[in-house]
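Everything on this sheet refers to the single structure shown next.
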Amino acid sequence: MPRGEGAQPMGDCAAGGRRMTPPTLTLPPAAETLWQAIGETVREELRSISDGHTQYAIGGGSILAARWKHRESYDIDLVVQPDTPLGMLAEANNPAAQFEARMRTLGGKPAFFPMARLWTVSFDEGERKLDLWATAPLLGAGQRACTIDGRLETALSSAQILRGKLERAEEPLARDVFDIIKANEKEPGALEAAVNAISRDAAESIAQNYHWAAPTIAADAERVLRGIREHERIEPRQLGNRAAHAIGSALYTTCRIHTRNGAIEVTTATNVRGEETIHIEPNNAQRHFEATGLSAHLQPKGPGAKALLDYARTACRQRRDRVVFEADADGVKAWRTATAGMNLTPGNAAD
Numbered sequence: 639m640p641r642g643e644g645a646q647p648m649g650d651c652a653a654g655g656r657r658m659t660p661p662t663l664t665l666p667p668a669a670e671t672l673w674q675a676i677g678e679t680v681r682e683e684l685r686s687i688s689d690g691h692t693q694y695a696i697g698g699g700s701i702l703a704a705r706w707k708h709r710e711s712y713d714i715d716l717v718v719q720p721d722t723p724l725g726m727l728a729e730a731n732n733p734a735a736q737f738e739a740r741m742r743t744l745g746g747k748p749a750f751f752p753m754a755r756l757w758t759v760s761f762d763e764g765e766r767k768l769d770l771w772a773t774a775p776l777l778g779a780g781q782r783a784c785t786i787d788g789r790l791e792t793a794l795s796s797a798q799i800l801r802g803k804l805e806r807a808e809e810p811l812a813r814d815v816f817d818i819i820k821a822n823e824k825e826p827g828a829l830e831a832a833v834n835a836i837s838r839d840a841a842e843s844i845a846q847n848y849h850w851a852a853p854t855i856a857a858d859a860e861r862v863l864r865g866i867r868e869h870e871r872i873e874p875r876q877l878g879n880r881a882a883h884a885i886g887s888a889l890y891t892t893c894r895i896h897t898r899n900g901a902i903e904v905t906t907a908t909n910v911r912g913e914e915t916i917h918i919e920p921n922n923a924q925r926h927f928e929a930t931g932l933s934a935h936l937q938p939k940g941p942g943a944k945a946l947l948d949y950a951r952t953a954c955r956q957r958r959d960r961v962v963f964e965a966d967a968d969g970v971k972a973w974r975t976a977t978a979g980m981n982l983t984p985g986n987a988a989d
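Counting from 639, one number per residue, gives the positions in the sequence shown under our numbering.
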C-alpha cells in the first residue's frame, strides 16, 4: 500500500497546524545553480500578477534527483494554480510585464504557450530550462514543505511527479524511463500510487510501449542521461524492458476497503508483494486517498471514489465493521454504499 503523504498547499511555505521539521533537499548542481539565478525573479513576477502572493510547487526530475541522488537534472519545473493568469507575464498582453525582459537579461529565451498555460524559458542553448505551468497535479494531494537552498518551499510528492511522467508516456523519454525504474527501487509506494491512478489497460499499454521503444530509449539515454553514479547505472538497451517490468510490478492484484473499529482499512497487493494493510482515520481519508492515487483508482469503479469514501466514513462513525470495496487483477468483485451494492447488501446490513 502506498504510504500516505501529508498534503501541503502550493506556496513559499506550507500553512496551518503543527508540523514536523521539513526535510532539506539539495537540487542537482545544474538545476540548483539555475534556481539560484532565477528563483527570486520568478517569485517577484508571480507576485506581480497574483495580488502579492507567490504560490507554486517545485516538481519534475530535479525533485526526484534531490530525493534519490540517482542522476543529474538540468531543469526547474514549477506548477502554479490553474487559474493563475500566466498570460499577464507576457509583454504582448501586459505592457507593464517585466518577466520576459528579466529572463532575457538572465540569459534565457522565454516562450509562452497560451493554450497549454505554460511558460518555457531555455538557457544555455536549451541545456537547462524553466517550465512554469498553470495546472493542477494529477494526484490532488501530496505536495509537502521542504527546505531548498535555505528557503522553505513546496515540492510535489514523488507520486505526483511520476503520475505526470506517465501522462506523457506516449513519448518515451529516457529520463522518464530511468526515473520509473529507480522509483521501483527507491520509492516503490510512489510508483504504485502513480501506476494505479490510471487504468490497468493504460498502464499495460505504457509498459508495452516502453518495451517496443527500447532501441529509441537507448539512443536517447546516450544523449541525455548524465551524472549517474556507477552503482546507479543501467545498460541503455535494458531501460525500456526494465521500465515495462517496473510498471507491471506496481499494478494492484488486490484492493480492498474495510471499516473496522472506527477506522478505514485499505489492503493492497501487487504482482511482487503480498497484502499490506494501512489504517486511516476517517478525517484524514480524503487527503490520503488523493495522495496515494486511490481516489483516481476507485473513480471508474462501481459508484466511484466519493460514494465509496462517503459510505466508509459513515460506517466508521456508526462503528460498523463493513466490507466497502473489493477488487482483484480481474476486476471489481464487490462494493456497497448506503443505497446500492454489488455482491454486498447496501447500507448497514451485515453480510
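Positions of the beta carbon are idealized from the N, C-alpha and C atoms, including for glycine. Predicted model, so just to flag it, every value in this text is computed and none were measured.
Under the three-state DSSP convention, the category residue i falls into
i	result
P984	coil
A851	coil
A835	coil
G878	helix
Y890	strand
K944	helix
E791	strand
A976	coil
E903	strand
D689	coil
M658	coil
T785	strand
I872	coil
L863	coil
E643	With a pLDDT of only 39 at E643, under the threshold of 50, the placement of this residue in the model should not be trusted, and no figure is reported.
L663	strand
H708	coil
Distance between beta carbons of residue j and residue i, contact taken as under 8 Å
i	j	result
C954	T905	Actually they do not touch by this definition, with Cβ atoms about 16 Å apart.
Y848	P810	6 Å
L712	E765	Inspection of the sequence shows that residue 712 is occupied by Tyr rather than by Leu. Right, their Cβ atoms sit about 6 Å apart.
Q674	D787	6 Å
L744	I696	No, L744 and I696 are not in contact; Cβ-Cβ is about 18 Å, not under 8 Å.
R951	A923	7 Å
G878	A907	Actually they are not in contact, since the Cβ atoms of G878 and A907 sit about 26 Å apart, beyond 8 Å.
A888	E808	Actually they are not in contact, since the Cβ atoms of A888 and E808 sit about 19 Å apart, beyond 8 Å.
L794	Q781	5 Å
Residue-chain proximity (residue i, chain C), Cβ-Cβ < 8 Å
i	result
R813	Among the chains in the structure shown there is no chain C, since it carries only a single protein chain.
Top-ranked residue by Cα proximity to residue i, from the options
i	options	result
Q876	A797, G900, A812 and Y890	A812
L665	I676, H691 and E710	E710
E914	C893, A749, N879 and W771	C893
R789	L947, E678, Q736 and E964	E678
N834	L794, R864 and T891	T891
H935	G912, I916, T952 and F963	F963
D817	I895, R864, A772 and A739	R864
T662	T722, W757 and T785	T785
P748	G690, V680, I872 and G698	V680
H883	I866, K820 and Q937	K820
Y949	R957, T975 and G931	T975
E738	L768, D715 and D721	L768
I836	T659, A797, A945 and M753	A797
D814	L672, R880 and I895	R880
R957	T758, I902, I916 and Q937	I902
E919	M753, T659, N899 and Q846	N899
Quiz item: What residue ranges within the region 807-833 form continuous alpha helix (DSSP H) runs of no fewer than 4 residues, ordered along the chain?
Solution: Secondary structure in the region 807-833: the alpha helix (DSSP H) runs of 4 residues or longer, each lying completely within the stretch, are 812-824 in chain order.
Practice problem: Flag this pair as touching only if the region 698-706 and the region 819-828 have three or more C-beta atom pairs under 8 Å; answer yes or no. | Solution: Output reads yes: the region 819-828 touches the region 698-706.
Quiz item: Does the region 801-812 come close enough to the region 776-785 that 3 or more CB-CB pairs lie under 8 Å?
Solution: Flag = yes, the region 776-785 and the region 801-812 touch.
Quiz item: On the three-pair Cβ rule with 8 Å, is the region 935-949 touching the region 962-982?
Solution: The region 935-949, when compared against the region 962-982, does touch it at the 8 Å Cβ threshold.
Quiz item: Where in the region 715-782 do unbroken runs of the beta strand (DSSP E), each at least 3 residues long, occur, reported from the N-terminal end onward?
Solution: Look at the region 715-782 and you find these whole runs of beta strand (DSSP E), each 3 residues long or longer: 747-751, 756-761 and 766-772.
Quiz prompt | beta strand (DSSP E) runs contained entirely in the region 911-973, provided each spans 3 or more residues | solution = Counting only runs of 3 or more, we get 914-918 and 960-966.
Self-check item: Contact between the region 679-690 and the region 716-730 (3+ Cβ pairs under 8 Å)
Solution: Segment contact: the region 679-690 against the region 716-730, three or more CB-CB distances shorter than 8 Å; contact assigned.
Quiz item: With a cut-off of 8 Å, do at least 3 Cβ pairs link the region 968-976 to the region 919-932?
Solution: With a cut-off of 8 Å, the region 919-932 and the region 968-976 do not count as touching, because too few Cβ pairs lie within range.
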